[in-house]
Amino acid sequence: MGNETYNRKLRIGVLALQGDFEAHLKMLAELGVEAKAIRLPRQIEDLDGIIIPGGESTTIGKLMVLYGFDEVLQQKVREGFPIWGTCAGLILLARETDNALAGQPLLASMHIRVRRNAFGSQRESFETDLSVPVLGEAPFHAFFIRGPVIEAVGPEVEILATLDDGTIVAVREGTLLGTAFHPEVAGDPRFHHYFLRIVQSVKS
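Heads up: the sequence shown begins at 53 in our numbering, then just goes up one per residue.
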């Protein structure tokens, strides 16, 4: 998965209201694209795609509403704008959540149902190798940190990766990408490459 699959002039934002945004910025910078920490909705207009990072989904969701990101991003989704949600970001992209997330602000963009903290407390967080065919034959070493799981998907959704027991942990729906784990922690850039190819396909 080489750098030739996308244009280095792509401008990718990482929502920087709360959570693990710095690791995403570092990974994007290493891949040679222009990476920006996004703290105001107006900054989105200059972007080709955005990542919503892991963190505390309720906090990020409330801050998104407070600053007006929710309406801007929902409009961007309707326009086919590429968005990647990791962990908490995946929850925010979901159309449905479990009862524990009652009152959780959502972008309600992907036809998926998620359950938060599905693997238990932070002490029970884990790492494992995933088979992700869209990334190639080599397994992707994934870090789950109080991660959600995807309990159901609509017919529009492509399942990219599951655990050995069939639990869905990575999905794509058009220009929207969602992962229940933290790809930015692994030091493996292939998921970031994959998102950049999605972004490039929109610009082409």
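Just so it is clear, CB atoms sit at the ideal spot from N, CA and C, and this is done for glycine as well.
With 16 other Cβ atoms within 10 Å as the buried cut-off, status of Gly106
Result: buried.
Counting Cβ pairs closer than 8 Å, one from the segment 126-139 and one from the segment 80-94, do we hit at least three?
Contact between the segment 126-139 and the segment 80-94 is absent: fewer than three C-beta pairs spanning the two stretches fall below 8 Å.
Is it the case that the Cβ atoms of Leu92 and Gln252 are separated by a distance below 8 Å?
Cβ distance not < 8 Å, so Leu92 and Gln252 don't count as in contact.
Taking 8 Å as the limit between beta carbons, can you name the residues of its chain near Pro191, skipping five residues before and five after?
The beta carbon of Pro191 sits closer than 8 Å to the beta carbons of Asp181, Leu182, Ser183, Val184 from its chain, once the five residues preceding and following it are set aside; these are given in chain order.
Considering only the beta carbon of each residue, do Leu142 and Thr227 sit closer than 8 Å?
No; because the gap between Cβ atoms is not below 8 Å, this pair is not in contact.
Do Ile202 and Val186 have their CB atoms nearer than 8 Å?
Not closer than 8 Å, so no.
Between Ile164 and Ala204, how many whole angstroms is the CB-CB distance? I'm expecting something under 8 Å.
Cβ atoms of Ile164 and Ala204 come within 8 Å of each other, at about 7 Å.
Between the alpha carbons of Pro241 and Met79, how many angstroms are there, rounded?
Each residue's Cα considered, the two are about 7 Å apart.
Using 10 angstroms around the beta-carbon of Gly137, count the other beta-carbons present and answer buried if the total reaches 16, otherwise exposed.
By the 16-neighbour rule on beta-carbons within 10 angstroms, Gly137 is buried.
Helix, strand or coil at Asn55 [DSSP, three-state]:
Bear in mind that the predicted position of Asn55 carries a pLDDT of just 43, short of 50, making it unreliable; the figure below should be weighed with that in mind. In the structure shown, Asn55 sits in a helix (DSSP, three-state: H, G or I).
Would you give the residue range spanned by the beta strand (DSSP E) that Ala146 belongs to?
Ala146 -> beta strand (DSSP E) spans 146-149.
Would Leu69 be called buried (16 or more neighbouring beta carbons within 10 Å of its own) or exposed?
Result: buried.
Suppose contacts are defined by Cβ-Cβ distances below 8 Å. Is Ile90 in contact with Leu67 by that definition?
Yes; because the gap between Cβ atoms is below 8 Å, this pair is in contact.
Taking just the CA atoms, how far does His244 sit from Phe73?
Cα atoms of Phe73 and His244: separation of roughly 13 Å, rounded to the nearest angstrom.
For Asn55, I'd like the list of residues in its chain whose CB is within less than 6 Å of its CB, leaving aside the five on either flank, ordered along the chain.
Note that Asn55 scores a pLDDT of 43, beneath 50, so its modelled location is shaky; the value from the coordinates is reported in the next line. For Asn55, where only same-chain residues beyond five positions count, there are no Cβ hits under 6 Å.
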